[in-house]
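Contents: one structure, followed by commentary.
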């Protein structure tokens, strides 16, 4: 799909060294709009709703913050650890600033884990962008579904 | 053989080249602001800079360094300056960092102001003490799996005058795919008495531009530039009991303050240092502070480990650092003494600590903190 100038600008912001060392696209060579579109199609196939996923992840993040960087158990089914670093990161879509918090969620029954940041949660919620293949913070919808027990 | 098939690409190339020259010429005309005068503190100092750059970088080129933890990317909100001249309305990138009062008072983020015309500025006197230092890495030591102690020997200038609790901005050079300099703030962990070598504690941030460089590329013998001293987290008062609370790399400014007190024999105050870590492997400098306790009878080091399931021999405080603080405020710290608190760590830890402290009647005004954001 053809990229609008806004998407082209955003894709530039996602390159390594602009906002984070690794950037947001990993080794994915697809245009940004294609990455988003493919994940949106996958969400439809898996019958998962973006708002619902984001709501669940926000709930886990909020609970994890109470642990002050210690792993806490959330309603018996998840372990959550939130690590906080100094500073803020701008969203590559230029619609906000986000704490450098990384959240590790472990789904206890399956042992599956999900790693995301405050910024990646915003990218998921507002832009349906789960990052490119190979990015450290790439979230696969199938894994999200398993970890969140959807 | 006819070469007519080359005509079209040649014509297109020629037109593109002419267009590029025209665009460069127009750009030169439109964006050439010439020399611009910056009048600082009612004309006490006037500098001439080339227009077109940000105010932050224009001042830095004249060796006037405003605090900036992000190096001009509008993500830290630290590089505030009063611009008395009209430079247009506040930009959307400035708004998250400014209060209504600051906006009324013409405070701007210097990294977001492009210098185009003569400007009247107000810069606090103490900021003129901030300098750029060239240093050499003398030691890199792993403290925990994700925490490193870095020692830097000052080369030019060779000495620094700073207050315990202040911080420096590392200037990380371009590396790998990263094409521009990056600046990040790190608290000085050593005391001001040690003025030719500075210590820092750096925690690895996954994906962090600066910490990735520090953990993967920086080695002993390398040079590293920094800007310092910055910040106003420092020791206050003289007699109050001190409650110091830190987590992880929040250790750095507290260590600087405590060792400075010890060196300068400011040891009459009761000091309780609560240091919280997640697991036993995250604990560091334990022996250093136990040795300090032996020299300084009214100093108490209280490490708290949240999860001790991997170390059955641990006999100290367990659980969150705020739980240890509460235990001590309830049973071990004299209630009648006036108290001050010094906090450094994650916002979550700081907010929880403030809640505990105020519930034990520590005045909000006597709580000093260096939040991680």
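Chains as they are written, first to last, in my numbering: chain A, 1 to 150; chain B, 1 to 373. We put the beta carbon where it would ideally sit given N, CA and C, even for glycine. Since the structure is predicted, the reported quantities are computational estimates derived from the model, not experimental observations.
- Task: Under the assumption that residue 134 of chain B contacts residue 156 of chain B (Cβ atoms under 8 Å), give the Cβ distance between them as a whole number of angstroms.
- Result: With 8 Å as the limit, residue 134 of chain B and residue 156 of chain B qualify as a contact, their Cβ atoms being about 4 Å apart.
- Message: According to DSSP, simplified to helix, strand and coil, what is residue 248 of chain B?
- Response: Helix, per DSSP.
- Starting from the beta carbon of residue 29 of chain A, find every residue of chain B whose beta carbon is closer than 7 Å, and list them in chain order. Contacts between residue 29 of chain A and chain B, judged by CB atoms closer than 7 Å, are missing: the closest CB pair is about 15 Å apart.
- Message: Is the separation between the beta-carbon of residue 120 of chain B and that of residue 68 of chain B shorter than 8 Å?
- Response: No, the pair does not count as a contact, with Cβ atoms beyond the cut-off.
- Item | Beta carbon of residue 78 of chain A nearer than 8 Å to that of residue 48 of chain A | Taking 8 Å as the Cβ cut-off, residue 78 of chain A and residue 48 of chain A do not qualify as a contacting pair.
- Task: Under the assumption that residue 121 of chain A contacts residue 57 of chain A (Cβ atoms under 8 Å), give the Cβ distance between them as a whole number of angstroms.
- Result: So it is a contact: roughly 5 Å between Cβ atoms.
- Just the Cα atoms here: how many angstroms apart are residue 306 of chain B and residue 203 of chain B? Just so you know, the alpha carbons of residue 306 of chain B and residue 203 of chain B end up roughly 19 Å apart.
- Item | The alpha helix (DSSP H) enclosing residue 50 of chain A, as first and last residue numbers | First-last of the alpha helix (DSSP H) with residue 50 of chain A: 50-65.
- Message: Quick test of your reading: residue 350 of chain B and residue 343 of chain B, contact by CB under 8 Å. State the CB separation rounded to the nearest angstrom.
- Response: Indeed, because the Cβ distance is near 5 Å, the residues count as touching under 8 Å.
- Task: Measure from the alpha carbon of residue 361 of chain B to the alpha carbon of each residue in B:207, B:189, B:335 and B:352, then state which is nearest.
- Result: When only C-alpha atoms are compared, the closest one is B:335.
- Query: Using a Cβ cut-off of 9 Å, which residues of the region 61-75 of chain B contact any Cβ in chain A, in chain order?
  - Reply: The residues in question are 69, 70, 73, 74 and 75.
- Query: If the cut is a Cβ gap below 8 Å, which residues of chain A does residue 346 of chain B touch?
  - Reply: Result: 68, 69 and 84.
- Does any residue of chain A bring its CB to less than 8 Å from the CB of residue 168 of chain B? It does not; no Cβ of chain A falls within 8 Å.
- Query: Any idea what DSSP makes of residue 90 of chain B, helix, strand or coil?
  - Reply: The three-state reading of DSSP puts residue 90 of chain B in coil, since its state is none of H, G, I, E or B.
- Is residue 250 of chain B closer than 8 Å to residue 345 of chain B when the C-beta atoms are compared? At a Cβ-Cβ threshold of 8 Å, residue 345 of chain B and residue 250 of chain B count as neighbours.
- Query: Would you say residue 310 of chain B faces chain A, with C-beta separation under 8 Å as the test?
  - Reply: Closer than 8 Å: no.
- Item | For residue 100 of chain A, the nearest candidate out of A:107, A:90 and A:109 (CA to CA) | That would be A:90, whose Cα lies nearest to the Cα of residue 100 of chain A.
- Message: On the DSSP letters alone, give me the boundaries of the beta strand (DSSP E) that residue 43 of chain B sits inside.
- Response: No beta strand (DSSP E) holds residue 43 of chain B; DSSP gives it neither H nor E.
- Query: Helix, strand or coil: how does DSSP classify residue 353 of chain B here?
  - Reply: Helix, per DSSP.
- Message: Against chain A, which members of the region 251-263 of chain B pass a CB distance test of less than 8 Å?
- Response: The residues in question: there are none.
- Message: DSSP three-state label for residue 127 of chain A, please.
- Response: Of the three classes helix, strand and coil, the one that applies to residue 127 of chain A here is helix, per DSSP.
- Using the C-alpha atoms, what's the distance from residue 128 of chain A back to residue 138 of chain A? Roughly 12 Å separates the two Cα atoms.
- Item | Length of the line joining the Cα atoms of residue 10 of chain B and residue 21 of chain B | The alpha-carbon separation between residue 10 of chain B and residue 21 of chain B amounts to approximately 17 Å.
- With distances taken between CB atoms, is the gap from residue 187 of chain B to residue 153 of chain B smaller than 8 Å? Cβ atoms of residue 187 of chain B and residue 153 of chain B: not closer than 8 Å.
- Message: Along the region 196-217 of chain B, where does the CB come closer than 7 Å to a CB of chain A? Name the residues.
- Response: Sequence-ordered contacts of the region 196-217 of chain B with chain A read 203, 205, 206, 207, 208, 209 and 212 [C-beta pairs closer than 7 Å].
- Query: Is residue 54 of chain B helix, strand or coil when you go by DSSP?
  - Reply: In the structure shown, residue 54 of chain B sits in a strand (DSSP, three-state: E or B).
- Task: In the DSSP assignment, find the beta strand (DSSP E) that holds residue 116 of chain A and state where it starts and stops.
- Result: That run of the beta strand (DSSP E) goes 113-117.
- Task: Mark residue 18 of chain B as exposed unless 16 or more other C-beta atoms lie within 10 angstroms of its C-beta, in which case mark it buried.
- Result: For residue 18 of chain B, the number of other beta carbons within 10 angstroms of its own is below 16, and it is reported as exposed.
- Pair every Cβ in the region 249-268 of chain B with every Cβ in the region 224-236 of chain B, then say whether three or more of these pairs are closer than 8 Å. Yes: at least three Cβ pairs fall under 8 Å.
- CB contact below 8 Å: residue 278 of chain B versus chain A: True, the Cβ-Cβ gap to chain A drops below 8 Å.
- Message: List, from N- to C-terminal side, the alpha helix (DSSP H) runs of 4 residues or more that fit wholly inside the region 254-318 of chain B.
- Response: Complete alpha helix (DSSP H) runs here, min 4: 286-295.
- Are the C-beta atoms of residue 108 of chain A and some chain B residue less than 8 Å apart? Chain B, which has no Cβ nearer than 8 Å to the Cβ of residue 108 of chain A, makes this no.
- Query: Going straight from the alpha carbon of residue 141 of chain B to that of residue 370 of chain B, what length do you get?
  - Reply: Near 24 Å, if we compare the C-alpha coordinates of residue 370 of chain B and residue 141 of chain B.
- Roughly how many whole angstroms lie between the Cα atoms of residue 341 of chain B and residue 82 of chain B? Distance from the CA of residue 341 of chain B to the CA of residue 82 of chain B, rounded to the nearest whole angstrom, comes to 31 Å.
- Message: Is residue 123 of chain A close to chain B? Criterion is C-beta to C-beta, closer than 8 Å.
- Response: Not closer than 8 Å to any Cβ of chain B, the Cβ of residue 123 of chain A fails to qualify, so no.
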